[in-house]
Amino acid sequence: MVTEEQNRWLADKVYWIEENRNDVQYHPEEGENYYYNDKDESLGQFQVLKAKDNLDNGMQAMAVAPIVDGEPDTSQIVIAYAGTNPLDSKDLSTDIQSLGLGSNKLGNGSDLSAENLVFSDSQFVTALDFADQIAKAYPEAHITSTGHSLGEAIAMYVALKNGWSNVGYNGPDIANLISDKELLYMQTHPEEFRNFRNSSDIIGGITGNKTKTAIYAAGKKGYMGVQDILSNHSLTVWQFTEDGRLIYADGRISTGTAMSEFAEIKTSVTLQMATLRGLKDSFSSGGYTSSERIFLDSSQAQLIGSQIAAAAQTCAESIKKTCQEAISQAEQLWQDAVQQALAASSTLTEAEVKEALSLGGVTEETIVGATKTVFEAIETEAGTLAESFAQINSEINKGIASKLASDSELAGRFSQWQTQLSQSS
Numbered sequence: 001m002v003t004e005e006q007n008r009w010l011a012d013k014v015y016w017i018e019e020n021r022n023d024v025q026y027h028p029e030e031g032e033n034y035y036y037n038d039k040d041e042s043l044g045q046f047q048v049l050k051a052k053d054n055l056d057n058g059m060q061a062m063a064v065a066p067i068v069d070g071e072p073d074t075s076q077i078v079i080a081y082a083g084t085n086p087l088d089s090k091d092l093s094t095d096i097q098s099l100g101l102g103s104n105k106l107g108n109g110s111d112l113s114a115e116n117l118v119f120s121d122s123q124f125v126t127a128l129d130f131a132d133q134i135a136k137a138y139p140e141a142h143i144t145s146t147g148h149s150l151g152e153a154i155a156m157y158v159a160l161k162n163g164w165s166n167v168g169y170n171g172p173d174i175a176n177l178i179s180d181k182e183l184l185y186m187q188t189h190p191e192e193f194r195n196f197r198n199s200s201d202i203i204g205g206i207t208g209n210k211t212k213t214a215i216y217a218a219g220k221k222g223y224m225g226v227q228d229i230l231s232n233h234s235l236t237v238w239q240f241t242e243d244g245r246l247i248y249a250d251g252r253i254s255t256g257t258a259m260s261e262f263a264e265i266k267t268s269v270t271l272q273m274a275t276l277r278g279l280k281d282s283f284s285s286g287g288y289t290s291s292e293r294i295f296l297d298s299s300q301a302q303l304i305g306s307q308i309a310a311a312a313q314t315c316a317e318s319i320k321k322t323c324q325e326a327i328s329q330a331e332q333l334w335q336d337a338v339q340q341a342l343a344a345s346s347t348l349t350e351a352e353v354k355e356a357l358s359l360g361g362v363t364e365e366t367i368v369g370a371t372k373t374v375f376e377a378i379e380t381e382a383g384t385l386a387e388s389f390a391q392i393n394s395e396i397n398k399g400i401a402s403k404l405a406s407d408s409e410l411a412g413r414f415s416q417w418q419t420q421l422s423q424s425s
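Residue numbers (the UniProt record's numbering): 1 to 425.
Here it is as structure tokens:
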């Protein structure tokens, strides 16, 4: 899957779509391959599947696929949207009229008098249209969105409307543009809209965080002048690990890998179901036989069972990692408390310091022990749930195997149809 670092560069490169810009190396064109980062070819390449520079409202967008083994992998597509060009009045109007006022129309004109205003669809409306074109052109693809600044706000909006996931940077909140029901969804599913922000970015934070999707991952850099404001809003502030995960200002590493693995599972299911539908269509031309029905039902049960089990295992592993990190942090907190107390009183021994801390209710048990109790219980419950789904998947496979063992003719047809499926995938 496309990493957080690769998304960062897509959020940057989409700005280059604007033909009027003469401060970029090139304007990405459809059908061409480009490096995510021209200065670091190890990040790989992507192909532009479709690009749009909307002259009416200033929207720039591109849909891309990663290059895998020399070819574009259209099973996974990212749609990137450009942010605000401070020299483009249409972008500035979108910031005010759409993000600030929640309007889906954009008024442009030489002045603000009603008779001189020319209305066009806002960037949010045309962004949805662009996304719809991509979804129709690649119906089996797993599509995500990204962007920076206004572009990330648009990307979140598009992801929300389409049921996609999003990873982007420095985006203003979109609460003014959505319904109460949609707002509640974003508030309860923030992991699907991962909007990384700098806590001192007054541009990205200008509309607040009502959707609860902002992840304040960058450090504070005080903003006194214009240059500081722009710096805090820049993509250059973000740092990443070798495997493309974002590094927080305090050294923590983004745990977005679980979402990537879920996306891979979803893509796998989508592709396999499409292949199965193809075989199903060939069966239905003459009506389904009992053997064909058994095969289709069994194949769907196996597919769903295996992928649910895989998703549960991925979730359990992610929870385990989070729990272990929480326990480690609690252990470090206890050690720091003891060391700070020792430093404050050179006359006390470590045992005496711990005794003094205990009088205030601070002990290894209250900090580390209590944390272990809570998180180990969560880890155990997640592991048990994953085992349950694995058992269900095993029972499905055993049931099918038992049926085939008692019917050699059916087993032969199953083998033939499974070969057809593997050749089609």
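Ideal Cβ placement from N, Cα and C applies to all residues, glycine included.
All figures in this text were calculated on a predicted structure; none of them were measured in a lab.
Looking at the structure shown, is Ser110 part of a helix, part of a strand, or coil, going by DSSP? Unreliable positioning characterises Ser110 in this predicted model, as indicated by a pLDDT of 44, which lies under 50. A coordinate reading is not provided.
In this structure, does DSSP put Gln47 in helix, strand or coil? strand
Assuming Ala330 and Thr371 are in contact, meaning their beta carbons sit under 8 Å apart, how far apart are those beta carbons, in whole angstroms? 4 Å between Cβ atoms; contact.
If contacts are defined as beta-carbon pairs under 8 Å, then Asp173 and Asn209 qualify, I think. What distance do you get, rounded to the angstrom? 6 Å
Who are Glu71's beta bridge partners in DSSP? Val68
Nearest CA to the CA of Ala137: which residue from Ser75, Ala401 and Lys354? Ser75
Let me check one thing: in DSSP terms, what residues is Met62 bridge-paired to? Ala51 and Ala80
Could you name each continuous alpha helix (DSSP H) segment of 4 residues or more that falls completely within the stretch 167-225, going from the start of the chain to the end? Runs of the alpha helix (DSSP H) inside the stretch 167-225: 180-188.
Minimum C-alpha distance to Leu160 - residue among Arg245, His148, Ser149 and Ile143: Among Arg245, His148, Ser149 and Ile143, the Cα nearest to that of Leu160 belongs to Ile143.
How many Å lie between Tyr223 and Val237 at the Cα? Legend: pLDDT at Tyr223 = 47, less than 50; position of this residue unreliable, value from coordinates given subsequently. Their backbone Cα atoms lie some 14 Å apart in a straight line.
For Gln133 and Val24, I'd like the C-alpha separation in whole angstroms. 27 Å
C-alpha distance - Asp38 paired with Asn162, whole-angstrom precision: 31 Å
Any chance the CB of Asn37 is under 7 Å from a heavy atom of the ligand FMN? Here there are no bound small molecules, and the ligand FMN is not part of this structure.
Given a threshold of 16 other Cβ atoms within 10 Å of its Cβ, counted over all protein chains shown, does Gly147 qualify as buried or as exposed? buried
Thinking C-beta only, is Phe295 closer than 8 Å to Trp417? yes
Please classify Gly383: does DSSP put it in a helix, a strand, or coil? Correct three-state label for Gly383: helix.
What's the gap between the Cα of Leu183 and the Cα of Thr3? 27 Å
When the Cα of Lys292 is compared with those of Phe196, Ser200, Glu409 and Leu359, which residue comes out closest? Residue 292 is actually Glu in this sequence, not Lys. Here the closest residue by C-alpha is Glu409.
Whole-angstrom distance between Pro66 and Glu192, CA atom to CA atom: Distance between the alpha carbons of Glu192 and Pro66 is about 21 Å.
For Gln313, does the three-state DSSP call read helix, strand or coil? Under the three-state reduction of DSSP, Gln313 is assigned to helix.
Taking C-beta to C-beta, are Gly205 and Val14 nearer than 8 Å? no
Where Glu364 and Ala326 are concerned, what is the direct C-alpha to C-alpha distance, given to the nearest angstrom? The straight-line gap from Cα to Cα measures roughly 15 Å.
Taking its Cβ as the centre, do 16 or more other Cβ atoms sit within 10 Å of Val68, making it buried, or is it exposed? exposed
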